[in-house]
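2 protein chains.
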Amino acid sequence: MKPINVGLLGIGTVGGGTWTVLSRNAEEITRRAGSPIRITAVADRNTELATQVTGGAARVTADAFELVKDPEIDIIVELIGGYTVARDLVLAAIENGKHVVTANKALLAVHGKEIFAAAQAKGVTVAFEAAVAGGIPIIKALREGLAANRIQWVAGIINGTTNFILSEMRDKGLPFADVLKEAQRLGYAEADPTFDIEGIDAAHKATLMSALAFGIPVQFDKAYVEGITRLEAVDIKYAEQLGYRIKLLGIAKRRETGVELRVHPTLIPSSRLIANVEGAMNAVLVQGDAVGATLYYGKGAGAEPTASAVIADLVDVTRLATAEPGHRVPHLAFQADQLVDLPILPIEEVQTAYYLRMRVEDRAGVLADITRILAEGSISIDAMLQKEPGEGESQTDIILLTHQAIEGQVNAAIANIEALKTVVGKVTKIRLEELN
Amino acid sequence: MKPINVGLLGIGTVGGGTWTVLSRNAEEITRRAGSPIRITAVADRNTELATQVTGGAARVTADAFELVKDPEIDIIVELIGGYTVARDLVLAAIENGKHVVTANKALLAVHGKEIFAAAQAKGVTVAFEAAVAGGIPIIKALREGLAANRIQWVAGIINGTTNFILSEMRDKGLPFADVLKEAQRLGYAEADPTFDIEGIDAAHKATLMSALAFGIPVQFDKAYVEGITRLEAVDIKYAEQLGYRIKLLGIAKRRETGVELRVHPTLIPSSRLIANVEGAMNAVLVQGDAVGATLYYGKGAGAEPTASAVIADLVDVTRLATAEPGHRVPHLAFQADQLVDLPILPIEEVQTAYYLRMRVEDRAGVLADITRILAEGSISIDAMLQKEPGEGESQTDIILLTHQAIEGQVNAAIANIEALKTVVGKVTKIRLEELN
């Protein structure tokens with residue numbers, strides 16, 4: 001069959017990986033796709049690097065806009081990243097009737113509505129398996145594999161940097177700042193790690209998964225985002241003693257009144273498979289009404305794992321190009337005219353369980369005051385850990401695990417607890433999910 | 001869009017689940033598929049049951065052959081099971097130009113070559129997500145999600161009954177026969193459990209995965225199949241002490257000279273995520289050259305989990321019906337004319353590591369004899385466990401873990417070890433996979 005010509009925008013880590021895998025496995029990929037898929041042109045500001053990687057086997061240009069209007073090119077792979085130039089390029093490619101494959105979660109989480117609408121209008125596909133959880137085919141699972149299900153929630157370890165840091169903090173009992181430095185030294189964290197450690201990257205991915213799971217538009221601006229920078233080693237230790245591990249989860253949950261979309265450190269039972277996902281690995285747990293829980297695990301980043309997802313999309317697009325656009329797999333799992341406007345709930349309306357740690361004077365009646373405040377807020381206690389005060393100390397830690405409660409009510413109770421004279425400083429609050 | 005009419009053959013557990021989920025989630029499924037998908041006719045020998053389940057909302061007949069030629073029906077769902085009538089029905093449906101969705105692993109593992117060729121010739125699709133690992137979308141992952149990869153091996157816990165039995169044997173230290181009875185009482189094992197406990201069901205599934213992973217024809221007759229009936233509780237205990245768990249794995253592995261296709265009890269390191277898959281759950285680990293290891297976990301059986309896979313196939317077929325047949329996703333991941341004839345290797349040529357347990361006289365020189373025999377067979381030892389003899393006993397257990405070796409050479413060494421006068425009875429051999 002006719003070869004498929006791909007224009008590659010950006011030949012950095014993932015772009016280089018895509019070139020390598022597509023070359024190395026060309027025969028096997030053609031046997032699957034039915035047509036040879038070849039990168040015929042590469043755009044990168046660093047034309048020297050591009051020429052070196054491609055070894056003269058593709059046209060190289062510094063001008064990405066040249067490629068997106070090249071009539072010889074069938075599919076554009078966008079691996080430039082960012083919101084601005086990438087957006088212009090993707091929209092221009094669509095306008096020129098080209099299919100687009102992208103790993104750009106930030107772009108789709110923020111400008112997805114506009115981009116998917118443009119693609120829909122032009123009858124082309126924008127595929128983005130590489131945008132969530134690297135090489136794990138989680139987009140395909142949510143969009144196609146679980147199509148029979150009313151999906152109830154999705155919870156994922158979808159940022160390798162933070163999972164590496166949390167694994168190291170637990171293993172070695174070290175504080176966040178020390179482990180971050182180590183992660184940067186080892187290449188698991190970037191020089192400016194903000195997007196990762198503040199949870200923004202995970203929130204981009206959770207936003208995309210919420211759309212796929214529930215048939216709602218992408219709404220990154222409504223997501224609640226909390227990173228791991230304020231997480232203390234002591235809480236990891238106490239969580240462990242209570243039978244839990246702390247992971248940065250991206251959560252999308254269907255409620256009667258709307259959708260919870262949130263990223264934050266989360267206690268999860270140590271016995272859950274997902275609690276044992278260590279290091280830079282990713283995993284996504286999906287709860288569907290028919291299938292129950294399914295888990296997807298693998299490498300969430302890196303040149304070749306991400307290239308694996310990019311190329312899977314290339315194969316899909318190659319195969320489906322002949323289907324009537326209306327019969328292709330829809331971008332966000334649901335037909336474009338079938339999205340619903342379930343609101344994203346504000347964090348105060350979220351309903352989950354909580355880990356609360358407080359420093360108290362070791363004095364009679366303290367616990368009674370605290371439990372009374374919680375009871376008044378209709379917050380019931382599931383487990384408690386009270387430490388003996390250290391030698392010569394007059395203060396001690398109380399750790400409470402609550403049952404499900406409304407976040408707004410928990411916050412109000414915390415304010416009342418902090419107002420107690422016997423409670424020292426702030427209460428540490430970490431959300432807890434049983435994931436069952 | 002035009003509704004899709006489905007003819008359902010067999011409304012037992014999975015058929016009933018398919019009816020229920022398709023009814024309950026009709027709105028959500030239509031929002032995804034673009035067309036309503038409805039079961040318009042049901043064939044079951046038990047017409048009373050079929051009428052009761054469908055509540056008059058579908059035509060009911062006892063004659064399945066009537067449905068497969070009904071011009072009003074677009075897709076046939078075959079949930080009858082077995083090799084004979086099911087084969088005739090599937091071939092008749094294909095002959096009449098209908099797409100087929102089936103959960104019948106036995107049929108496809110044994111008659112897949114004929115069935116896929118017939119479908120190819122008629123330009124229709126035979127989809128079988130439900131045939132492997134129930135609700136886990138592992139077929140889709142292998143066929144599409146990992147299409148960029150040269151897949152190196154697939155190893156799966158793909159039979160819930162045996163995994164439940166092994167989990168219970170480990171947890172409670174009970175022998176196989178007792179746990180089997182308990183599993184039958186709880187409904188985890190059938191009255192005649194042969195297909196499950198002898199590994200045949202897992203081998204059907206492993207055969208399908210081997211075809212998808214390597215682009216080879218389905219060749220169930222070449223698979224090596226060993227169940228769990230001879231597994232002793234003592235080996236589970238010793239394995240545990242050495243840091244391993246024993247699981248019944250279905251393994252398909254690419255080697256230079258061919259493909260290993262085998263089902264047998266296997267020691268795997270306890271630290272692996274898949275070693276912690278307990279009870280009736282399933283999980284499949286896939287190693288690709290680009291993506292590395294990915295794991296897929298969920299319920300491998302049951303009415304609604306299996307229905308989830310059946311309906312995902314219905315949605316896929318509905319969407320892809322308009323693609324040119326040559327551009328549809330090929331049945332076995334690779335284009336039909338692109339299958340290769342890599343031979344399935346005989347078990348004697350398999351290369352893996354081994355757990356060997358032997359009963360020996362507690363006498364000087366015994367171990368020297370054993371290690372000499374292994375060394376002569378080029379089998380090197382990775383770990384050893386020697387138990388003290390019980391009080392008043394003159395015999396003791398030696399357990400050896402070997403490095404990778406050729407099975408034929410290991411068998412020869414075992415024969416020599418068993419010939420030693422100081423070795424009592426037979427050597428127990430269990431294969432071991434590091435899965436890394």
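Heads up: the protein sequence lines correspond to chains B and G, in order. For what it's worth, full-length UniProt numbering labels the leading residue of the first sequence as 1, then goes sequentially. For what it's worth, full-length UniProt numbering labels the leading residue of the second sequence as 1, then goes sequentially. Note that CB positions come from ideal geometry on N, CA and C, so glycine has one too. Remember, it's a predicted structure, so these values are computed and weren't measured experimentally.
Alpha helix (DSSP H) segment containing residue i, residue limits
i, result
"G:Asn5", "Where G:Asn5 is concerned, there is no enclosing alpha helix (DSSP H), although the beta strand (DSSP E) it sits in stretches over 4 to 9."
"B:Ile197", "194 to 197"
"B:Gln395", "Where B:Gln395 is concerned, there is no enclosing alpha helix (DSSP H), although the beta strand (DSSP E) it sits in stretches over 395 to 402."
"B:Val317", "303 to 320"
"G:Glu95", "85 to 95"
"B:Val68", "64 to 68"
"G:Gln241", "233 to 241"
"G:Arg170", "160 to 172"
"B:Lys181", "176 to 186"
"G:Ala206", "200 to 214"
Nearest-angstrom Cα separation, counted from residue j out to residue i
i, j, result
"B:Gly408", "B:Arg170", "30 Å"
"G:Ala301", "G:Ala252", "21 Å"
"residue 461 of chain G", "G:Asn159", "Absent from the structure is residue 461 of chain G, since the part of chain G shown begins at 1 and ends at 436."
"residue 466 of chain G", "G:Leu146", "The structure shown does not extend to residue 466 of chain G, since chain G is modelled only from 1 through 436, so no value can be given for it."
"G:Lys181", "G:Gly227", "16 Å"
"B:Asp178", "G:Ser23", "54 Å"
"B:Val360", "B:Leu432", "22 Å"
"G:Gly156", "B:Gly187", "32 Å"
"G:Asp316", "B:Thr318", "16 Å"
"G:Ala62", "B:Met281", "51 Å"
"G:Ala64", "G:Leu89", "7 Å"
"G:Ala121", "G:Val21", "32 Å"
"G:Phe214", "G:Val124", "23 Å"
"residue 447 of chain G", "G:Leu332", "What is shown of chain G runs 1 to 436, which leaves residue 447 of chain G out entirely."
"B:Leu367", "B:Lys387", "12 Å"
"B:Thr428", "G:Asn436", "39 Å"
"B:Leu174", "B:Ile381", "29 Å"
Proximal chain G residues relative to residue i, where beta-carbon distance stays under 9 Å
i, result
"B:Gln219", "Simply none; closest approach about 18 Å."
"B:His331", "Chain G residues near B:His331: none, gap ~12 Å exceeds 9 Å."
"B:Ala323", "Arg319, Leu320, Ala321, Thr322, Ala323, Glu324, His327, Arg328"
"B:Gly243", "Per Cβ cutoff of 9 Å: no residues; B:Gly243 is ~15 Å from chain G at best."
"B:Glu190", "Under the 9 Å cutoff, chain G gives no residues; its nearest Cβ is about 21 Å from B:Glu190."
"B:Glu168", "Within chain G, no residue comes near B:Glu168; the closest Cβ sits about 17 Å away, beyond 9 Å."
Chain G contact residues for residue i, given Cβ-Cβ distances below 7 Å
i, result
"B:Gln338", "Arg31"
"B:Lys205", "Result: empty, since nearest Cβ-Cβ is about 17 Å, beyond 7 Å."
"B:Asp316", "Glu144"
"B:Lys299", "Val291, Gly292"
Opening and closing residue of the beta strand (DSSP E) in which residue i lies
i, result
"B:Val60", "59 to 61"
"G:Ile268", "258 to 269"
"B:Thr106", "According to the sequence as given, residue 106 of chain B is Ala; it is not Thr. Element bounds for B:Ala106: not the beta strand (DSSP E) but the alpha helix (DSSP H), 105 to 122."
"G:Gly17", "G:Gly17 -> not in any beta strand (DSSP E); alpha helix (DSSP H) instead, spanning 13 to 24."
"G:Ala293", "292 to 299"
"G:Val53", "Not the beta strand (DSSP E): G:Val53 falls in the alpha helix (DSSP H), residues 47 to 54."
"G:Ile136", "Run containing G:Ile136: none; DSSP gives neither H nor E here."
"B:Ala43", "37 to 43"
Where residue i meets chain B, residues with beta-carbon distance less than 7 Å
i, result
"G:Ala334", "The residue asked about is misnamed: residue 334 of chain G is Phe in this sequence, not Ala. Chain B residues near G:Phe334: Arg31, Arg32."
"G:Gly112", "The premise fails here: G:Gly112 is roughly 18 Å from chain B at the closest Cβ pair, so nothing lies under 7 Å."
"G:Val77", "Under the 7 Å cutoff, chain B gives no residues; its nearest Cβ is about 12 Å from G:Val77."
"G:Val21", "Ala148, Ala290"
"G:Gly215", "Arg31"
Whole-angstrom C-beta distance between residue j and residue i, which should lie under 8 Å
i, j, result
"G:Thr13", "G:Ile311", "With a Cβ gap of about 15 Å, G:Thr13 and G:Ile311 do not count as contacting."
"B:Ile406", "B:Met384", "The pair is not a contact, with the Cβ atoms about 21 Å apart (cut-off 8 Å)."
"B:Pro265", "B:Leu231", "5 Å"
"B:Phe195", "B:Gly279", "About 19 Å; that fails the 8 Å criterion."
Listed by chain order, chain B residues near residue i by CB distance under 8 Å
i, result
"G:Ile311", "Ala147, Ala148, Ala290"
"G:Ile158", "Those within 8 Å of G:Ile158 in chain B number zero; the least Cβ separation is about 14 Å."
"G:Pro137", "Lys140, Ala141, Glu144, Gly145, Leu146, Thr294"
"G:Ala307", "Ala148, Ala290"
Per-residue contacts from residue i into chain G (C-beta, under 8 Å)
i, result
"B:Asn276", "Leu273, Asn276"
"B:Asn25", "Ala148, Asn149, Arg150, Asp289, Ala290"
Residue-chain proximity (residue i, chain C), Cβ-Cβ < 8 Å
i, result
"G:Glu28", "In summary, chain C is missing from the structure at hand, where the protein chains are B and G."
Which complete alpha helix (DSSP H) runs does the stretch 340 to 410 of chain G hold, if anything under 4 residues is left out?
366 to 376
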